[in-house]
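A.B. asks: Handing you this structure, nothing more for now.
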Amino acid sequence: MEYQGGPEREQATQHYDMAVRIAVMIYEKGSLQYAEVALEFAKHLESIHEELGSPLNSKWNRSAQIPPSNSSELSQFFYDDALKVFESHNNCYKQMIECLLGLGKLIAVVDATKSAEFMLKAAEICQNAMGHDHIWTAEIFSHIALMYEEQGSSELASPWIRKSFISCFKAVGLEHKALKVV
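Every position in the sequence shown, counted from 1, becomes a number in the numbering used here once 14 is added.
Here it is in structure tokens:
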């Protein structure tokens, strides 16, 4: 694995790897404790993958336009593994959403349709768990709109932009700085 962030990134990866191994030894692989460690490792590996790209590639996805790498494939594995555990337990909505968003971002360069499926599932879970008028819901709607826009589909992006604005408006109110016209 190539580390853009220097030796501390390599050391952190080794520590995460060790944490996952310890979590498997202490807890069962299907336990929530294991899933939490796997989720954190997946996010770490995703951030290593993101270092290979440019912030100019995408407004919402730091993994955009970066070909798959060892770190992205391992990240997907741990996101998927953690997601399976979180789906089997009640009230793990936040963690499920994090896994789905991570998977959606990482797979976007390879399979835009599958990426959209992950993002839409995250939006559905967030709406059901947090409600339509929650800031997380608004943020996911915004990510979906940007995803479709970057795929060249303004038609598909448009309703998500409106949904994002309405959710944000209802969550924080019209006077919030995020809704001010500059």
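For every residue, glycine included, the Cβ atom is placed at its ideal position computed from N, Cα and C. These numbers come from a predicted model, not from an experiment.
For the alpha helix (DSSP H) containing residue 47, name the first residue and the last one.
C.D. replies: Translated into the one-based positions of the sequence shown, residue 47 becomes position 33. Per DSSP, residue 47 belongs to the alpha helix (DSSP H) from 46 to 64.
A.B. asks: From residue 126 to residue 25, what distance separates their C-alpha atoms?
C.D. replies: Start at 1 with the first residue of the sequence shown, and residue 126 comes out as number 112. Start at 1 with the first residue of the sequence shown, and residue 25 comes out as number 11. C-alpha separation (whole angstroms): 33 Å.
A.B. asks: Can you tell me whether residue 157 is buried or exposed? The criterion is at least 16 other CB atoms within 10 Å of its CB, across all chains shown.
C.D. replies: One-based indexing of the sequence shown puts residue 157 at position 143. When all chains shown are included, residue 157 counts as buried.
A.B. asks: I'd like the list of long-range same chain contacts for residue 55, defined as Cβ closer than 6 Å, with 5 residues on each side in sequence excluded.
C.D. replies: Start at 1 with the first residue of the sequence shown, and residue 55 comes out as number 41. Excluding residues within five positions, the ones whose Cβ falls inside 6 Å are 30, 34, 92.
A.B. asks: By Cβ distance below 7 Å, which residues in the same chain neighbour residue 146 in space, the five residues on each side in sequence not counted?
C.D. replies: Your numbering for residue 146 matches position 132 in the sequence shown. Taken in chain order, the residues that qualify are 181.
A.B. asks: Specify the secondary structure class of residue 182 as computed by DSSP and reduced to three states.
C.D. replies: The count along the sequence shown starts at 1 and reaches residue 182 at position 168. Three-state DSSP puts residue 182 in a helix.
A.B. asks: Using three-state DSSP, classify residue 190 as helix, strand or coil.
C.D. replies: Your numbering for residue 190 matches position 176 in the sequence shown. Reduced to three states, the DSSP call for residue 190 is coil.
A.B. asks: I'd like the list of long-range same chain contacts for residue 128, defined as Cβ closer than 6 Å, with 5 residues on each side in sequence excluded.
C.D. replies: Numbered from 1 along the sequence shown, position 114 holds the residue referred to as residue 128. 121.
A.B. asks: Going by DSSP, what residue range makes up the alpha helix (DSSP H) through residue 116?
C.D. replies: Taking the sequence shown and counting its residues from 1, one reaches residue 116 at position 102. Unbroken alpha helix (DSSP H) run through residue 116: 107 to 121.
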